[in-house]
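Peer 1: End of the sequence shown sits at 694 in the numbering used here; the numbers just go up one at a time, nothing left out.
Note that beta-carbon positions come from the ideal geometry of N, C-alpha and C, so glycine has one too.
The model shown is predicted, which means the values in this text are computed figures rather than measured ones.
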Amino acid sequence: MTSRSEDGDEITNELRNKLTNEVRKERRLSDPADRGRILTVVIAPDSFKGTVPAADAATAVAEGWHAVREQDEVLTIPLADGGEGTVAAVAAARPDGVLHRVDGLRGPDGRQVSASWLELDPGTPDSTAVIEMASVSGLPLMDRLDPLGATTYGLGQLINAALDSGCRTVIVGAGGSATTDGGAGALAALGLHLLDDHGRPVPYGGAELGRLAKITGRVRRPEKLIMLSDVDAPLLGPRGAAAVFGPQKGADPEQIVILDAALSRFAALLGGPTDEPGMGAAGGLGYGLVAGLGAVITPGAPYLAGLAGLPVALARADLVISGEGRFDETSLGGKVVGYVLTQAAAHQVDSMIIAGQVAHRVDGIAALSLAELSGSTQAALADPIHWLRLAGSRAAASLPVTH
292 MTSRSEDGDE
302 ITNELRNKLT
312 NEVRKERRLS
322 DPADRGRILT
332 VVIAPDSFKG
342 TVPAADAATA
352 VAEGWHAVRE
362 QDEVLTIPLA
372 DGGEGTVAAV
382 AAARPDGVLH
392 RVDGLRGPDG
402 RQVSASWLEL
412 DPGTPDSTAV
422 IEMASVSGLP
432 LMDRLDPLGA
442 TTYGLGQLIN
452 AALDSGCRTV
462 IVGAGGSATT
472 DGGAGALAAL
482 GLHLLDDHGR
492 PVPYGGAELG
502 RLAKITGRVR
512 RPEKLIMLSD
522 VDAPLLGPRG
532 AAAVFGPQKG
542 ADPEQIVILD
552 AALSRFAALL
562 GGPTDEPGMG
572 AAGGLGYGLV
582 AGLGAVITPG
592 APYLAGLAGL
602 PVALARADLV
612 ISGEGRFDET
622 SLGGKVVGYV
632 LTQAAAHQVD
642 SMIIAGQVAH
652 RVDGIAALSL
662 AELSGSTQAA
672 LADPIHWLRL
682 AGSRAAASLP
692 VTH
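1) When the distance is taken between beta carbons, is Val640 closer than 8 Å to Asp609?
2) Check whether the Cβ atoms of Ala346 and Ala379 lie closer than 8 Å to each other.
3) Whole angstroms is fine: what's the gap from Asp472's alpha carbon to Ala498's?
4) How would you label Arg328, buried or exposed, when you count the other beta carbons within 10 angstroms and need 16 or more for buried?
5) Would you report the Cα separation of Pro323 and Thr633, rounded to the nearest angstrom?
6) Report back the beta-carbon spacing between Ala650 and Asp619 to the nearest angstrom; my notes put them in contact at under 8 Å.
7) For Thr565 and Thr419, I'd like the C-alpha separation in whole angstroms.
8) If you count every other CB in all the chains shown that lies within 10 Å of the CB of Leu681, and 16 or more means buried, which is it?
9) What is the DSSP secondary structure of Ala686, counted as helix, strand or coil?
10) For the beta strand (DSSP E) containing Arg392, list its first residue and its last residue.
11) Would you give the residue range spanned by the alpha helix (DSSP H) that Asp674 belongs to?
12) With which residues is Thr419 paired in a DSSP beta bridge?
13) Which residue's Cα is closest to the Cα of Ala688: Pro399, Ala657 and Phe536?
14) CB Gly569 to CB Asp523, shorter than 8 Å?
15) Are the stretch 433-441 and the stretch 330-347 touching, with three or more C-beta to C-beta distances below 8 Å?
16) Put Ile517 into one of helix, strand or coil per three-state DSSP.
17) In the structure shown, what three-state DSSP assignment does Arg502 receive?
18) Could you pull out every residue in the same chain whose Cβ sits closer than 8 Å to the Cβ of Gly414, ignoring the five residues on either side in sequence?
19) Could you say which of Pro492, Arg509, Pro513 and Val510 lies nearest to Leu503 if we only look at CA atoms?
20) Tell me which residues share the same chain as Glu423 and place their Cβ nearer than 6 Å to its Cβ, disregarding the 5 neighbours each side in the sequence.
21) Report the three-state DSSP secondary structure of Ile644 (helix, strand or coil).
22) Quick check: the Cα distance between Gly562 and Gly583, rounded to an integer number of angstroms?
23) Beta-carbon within less than 8 Å of Leu306's beta-carbon, same chain only, minus the 5 sequence neighbours each way: which residues are those?
24) Sort out for me which residues DSSP pairs Pro602 with in a bridge.
25) Please classify Leu560: is it buried, with 16 or more other beta-carbons within 10 angstroms of its beta-carbon, or exposed?
26) Judging by CA-CA distance, which residue of Ala573, Val510, Leu526 and Pro513 is the nearest neighbour of Gln539?
27) Quick one: grab the DSSP three-state call for Ala532.
28) So, are the CB atoms of Leu617 and Gln648 less than 8 Å apart?
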């Protein structure tokens, strides 16, 4: 393991070698005659973080491609890994879903926020809610970082809204959190009573869990809860939620000690596993959802790709294009683009990459950089949709793919 972030970027030599070996196999687009035949092209990007949602990026690339090769069948499948943009990506890929907006939610710093969740298969036994933690408990919602006081209460309110609508399965994308409260706030919103030694409710926030003396109440839970995360950190200790990810949320060394001790107190009273992989994900949310709600933690990119229909599309694709804001070595570990490339190779489908910046090259896979096309990163950021369209046209004009 050579790199880590809260979104779980892990790179292994095994994955790199597998990808490199697979792309060297016989390819479908090696014959110049392919320039004239009708191709099935799958465009499956992640969001270009903070710039372009995945759905808009996919549409722009598709428009550029069709400007050059209008005869081709182009399938847009916007993707996510459980972090920012998850609900929007699934909504775009599953237009049969229903978006629900909820107002008056408690944000990570206590201010009211609004957020949307997506209902799939409404009114059926398979009714499923897709919820994005970042939309209600995420870092972008904070005017200033508050590592000790940030709460996941609003996330619990969103889960409640999904249960009120009759959803039997709840999927929580856990990337981008501002919190280190072990999911205590979410559990409180779902009915758990967190009390101090005087029987009074403990205030929200991770640090306040150090005052916890008793847990009562009956938590409301879905029939099935799936948390999407690639983080394998435990809850406590030097590799835990506070120590590894606390600094991203503004915690200094003294505050890290406070938070770790508070999470330890919470776990001692709530029970459940603390050392298993994923318990430290999203500020300990993994622990809270597993111990309190019986959640299952699974990697986000593969799960959401399956939900969006990527495996079915790849089975008949001639080419797949993926992309993100910056493609580098971390893209091959746990992220959308790395997963798409690996799956395309497994299906012996050609791949291309379109990214805002390309800082790493994979043997046998063409990569287009918006910064290079536009002349600078600043120019690309000024009008990313234009440059994504141009990149799509360049990709189409580059056929046949060379290796």
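Peer 2: Reading it off the structure:
1) yes
2) yes
3) 7 Å
4) exposed
5) Here Pro323 scores only 47 on pLDDT, less than 50, and its place in the model is too uncertain to base an answer on.
6) 4 Å
7) 28 Å
8) buried
9) helix
10) Val389 to Arg397
11) No alpha helix (DSSP H) contains Asp674, which DSSP labels as neither H nor E.
12) Leu411 and Thr460
13) Ala657
14) yes
15) no
16) strand
17) helix
18) Gly457
19) Pro492
20) Thr377, Val378 and Gly464
21) strand
22) 9 Å
23) Reliability fails at Leu306, whose pLDDT of 48 lies under 50, so the model's placement of it is uncertain and the value that follows must be treated cautiously. So the list reads Leu623, Gly624, Gly629 and Thr633, once near-sequence residues are dropped.
24) Note: Pro602 sits in no beta bridge, so no partner.
25) exposed
26) Ala573
27) helix
28) At residue 617 the sequence reads Arg, which differs from the Leu that was named. Yes, the pair counts as a contact, with Cβ atoms nearer than the cut-off.
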